[in-house]
Structure formats: structure tokens, C-alpha cells
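S.K.: The structure is given below, and queries will be raised subsequently.
Residue numbers (UniProt numbering), protein chains in the order written: chain X, 1 to 119; chain B, 1 to 119.
Listed below in C-alpha cells is the structure:
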């Protein structure tokens, strides 16, 4: 079985079929790997978790520097990687940037990892 | 909310609580990031998918080099990263190594990514 799946847009939240159902095309793998690489770093994983656990599932950079004990510049860099991967949104209000989870983005990754029998 | 979750073994399939339920401890984040980093690379994602889609959900290195168009040495290196991350098992039979999915490993990652409302 080496079915080639449809090539989907890089930013599509609907990419891709479950990983264990069919062999994955090179294009799908490249798109997906970007997202997993973004969360394959401890600080970014913690930042994602901190944003999600924050009141209203939205957090200001100013809320995130102390829990991870890093400078605002470093935290902003990691948050940008998560935004570029389509996992967080950024909105600017006044002097601060606020970050929130992209609805469905993590659930979509979960669906791709889940084995069909467990769904 | 900055609950510190229990620190679990690196190789435990039960690590960790869902990412969006509580802020994640530094230790949990480090353990988990290793697994996501392993699949945050297009060739490794394809190899994982190829192994899963292969008959009996097990594949020989000799089955995997052609689909990804890479040398056996490169493919073996990527497979080792997936084994070290606890996602594949390796068993040697005769002159070949066979790789299979670790039961539940991908489902465990899926559970961690899933938002509680979608469970």
C-alpha cells in the first residue's frame, strides 16, 4: 500500500489522513512535519500549554516570560514559530501581543496520530 | 493555573496529561518534545506511515528505502531516532531489521494533543 494522498495546502487545518491508514505523500509529510517540529521543543510545548491553560485560553507575552524563565525576546521568537505553524493566533492590543490557540489545530494533529481502531 | 504534573519516566507511554488541560511541567515538556521532534521531520513521518501501512504493520528496512528514495544507511538512522523516541520497535531476523509501531504510542500522543471538549 503506497497510496498517494491528495496534496493539501500548507496552512490547511484539514491536512492530512491518519498517519497509520495510508502511506503519506512527501508533500503531506513536509506540511505536517513543520507542525510537529514546532511542538518538538520543550519551551514551545510549555508555551502552548500555558496559553491553553490561561484564563480565556489567551495569554499576553507578559504572562508567559516568568513561567518559562526566559526573556521576552526569546519567548516572542518561540511564539512566532507556533504562529507560523498555524497553532497559535496573535492579536495586538495596545502595546502587547496576545496569543490564543487556533481552534481545532491540535485536535487535527491528534486525529492524524490516532490509529483507526482507537477512534 | 500552573499545576505541576507528576514527573513520569522518559519512556512511559502514559506521559502526560492533555496539553490544554494544565500548564505542563518542564520535565514533562522535555520528555514529550523528544517524541514530537522525532516526528517533526518529513522523512521520519513518512517512514512511520509506511511501517504502519505495511502488511502486518511491520516492515523491513529493505521495504522502506525505495519509497523514500534514500540510502539504507540514512533510512536506518531515521528509524533509530523513531525507536529511541519510543515510537517504533526493532527486531532482528536473519540479516534484516524489522520495525513495527509501539502499540499505543501514537494514540498516547494524540490524547495529549486533544482538547478536553473534543474527547
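Think of the CB as a built atom: it goes at the ideal place given N, C-alpha and C, for glycine as much as any other residue.
So, is the C-beta of residue 115 (chain X) closer than 8 angstroms to a C-beta in chain B?
M.R.: It does; some Cβ of chain B falls within 8 angstroms.
S.K.: Mapping the DSSP letters down to three states, classify residue 46 (chain X) as helix, strand or coil.
M.R.: Looking at residue 46 (chain X) - three-state DSSP - the assignment turns out to be helix.
S.K.: In chain B, which residues lie with their C-beta within 8 angstroms of the C-beta of residue 98 (chain X)?
M.R.: What residue 98 (chain X) touches in chain B: nothing, since even the nearest Cβ is about 17 angstroms away.
S.K.: Applying a beta-carbon distance threshold of less than 7 angstroms, which residues of chain B neighbour residue 29 (chain X)?
M.R.: Under the 7 angstroms cutoff, chain B gives 42, 45 and 46.
S.K.: Looking at the unbroken alpha helix (DSSP H) that takes in residue 82 (chain B), where does it start and where does it end?
M.R.: Unbroken alpha helix (DSSP H) run through residue 82 (chain B): 72–84.
S.K.: Out of curiosity, what's the CA-to-CA distance linking residue 39 (chain B) and residue 113 (chain B)?
M.R.: So the alpha carbons of these two residues sit roughly 14 angstroms apart.
S.K.: Helix, strand or coil for residue 88 (chain B), going by three-state DSSP, please let me know.
M.R.: It is a strand residue.
S.K.: State buried or exposed for residue 104 (chain X), treating a residue as buried only when at least 16 other CB atoms are found within 10 Å of its CB.
M.R.: Residue 104 (chain X) is exposed by the Cβ-count criterion.
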